[in-house]
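Q: In this text, residue positions in the sequence shown follow this note's numbering: the first is 25, and each later residue adds one.
To start, I am sharing the structure in question, which I have written as structure tokens.
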Amino acid sequence: MGAHPQRTCLGCRSTLQKDELIRYTVSPQGDVLADYRQKLPGRGAYTCIDPNCLADAVKRGQFERAFRGRCRRPEFDVLRSSLLSQFAGRTLNLLGMARKAGQIVSGSNQVLVALNRAGELTVILLARDISAGVAEKVETKAAHRQVFCRRIAEKSILGQSVGREERSVIGLRPGPLADALKKEIIRYEEFAGEH
Ligand SMILES: [Zn+2]
25 MGAHPQRTCL GCRSTLQKDE LIRYTVSPQG DVLADYRQKL PGRGAYTCID
75 PNCLADAVKR GQFERAFRGR CRRPEFDVLR SSLLSQFAGR TLNLLGMARK
125 AGQIVSGSNQ VLVALNRAGE LTVILLARDI SAGVAEKVET KAAHRQVFCR
175 RIAEKSILGQ SVGREERSVI GLRPGPLADA LKKEIIRYEE FAGEH
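Next up, the structure:
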């Protein structure tokens, strides 16, 4: 205990460590806020990082109960979009950290060269506005190497996160930052799906 405080999911009632859950707080106006980084002040309530648990908690009025009537019933879609942008923000943060740690390969040519060697890259990020030809080349090679490859943001946003003007393709070398970034993308996809 102490270092690993446990909390219960409002949806499925599982008890997990705080950092394996999403935290929610209530604004002074009575709106439930998703506090993914667990930094907002005040009383917190929790769900698993699972859209089904969030949907159940909303449907069954668990937020009103947890916050003792000090909040309105939240809308699932509002909390979901807030979480999606928090997952995306965290992904770009991690990308910036990976750059500072010298863990990225930037640019389509460099990434294609790195893909010639097995195990050199573990994640590849493509801009959504990448040219179709380049995307196909990188995606085909990434699939062949079984490297996790996703289109995540515009060129300008990808560029910004690594201190450049525009980037269409960024590869990450294996390590904890790449693992954490991959986890955020998977969370995003789980919440973005239909439920
Ligand atoms: Zn749950």
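Every residue gets a Cβ at the ideal spot worked out from N, C-alpha and C, and that includes glycine.
(1) Which of the three DSSP states is assigned to L139 in this structure?
(2) Taking contact to mean 3 or more Cβ pairs, one atom from each stretch, closer than 8 Å, check whether the region 57-75 and the region 115-126 are in contact.
(3) At which residues does the alpha helix (DSSP H) containing C77 begin and terminate?
(4) Relative to the C-alpha of R94, which candidate in K179, G157, V50, G217 has its C-alpha closest?
(5) If you measure between the beta carbons of A58 and Q134, is that distance less than 8 Å?
(6) Here's the rule I'm using: 16 or more other beta-carbon atoms within 10 Å means buried, otherwise exposed. How should T39 be labelled?
(7) Taking C-alpha atoms, which residue in K179, Y48, V56 lies nearest to K63?
(8) I need the straight-line Cα distance from R37 to F215, nearest angstrom please.
(9) For L45, collect the residues of the same chain with a Cβ closer than 8 Å to its Cβ; drop the 5 residues on either side in sequence, then sort them by chain order.
(10) Based on Cα-Cα distance, which residue from Y60, T164, S192 lies nearest to A11?
(11) For T115, count neighbouring Cβ atoms within 10 angstroms of its own Cβ and tell me buried if that reaches 16, exposed if not.
(12) Can you tell me the Cα-Cα spacing of P198 and R96, whole angstroms?
A: Result, derived from the coordinates:
(1) coil
(2) no
(3) 75-83
(4) V50
(5) no
(6) exposed
(7) Y48
(8) 19 Å
(9) R31, C33, Y70, T71, C72, I73
(10) One cannot answer for residue 11 here, as it falls past the ends of the chain, which runs 25 to 219.
(11) buried
(12) 44 Å
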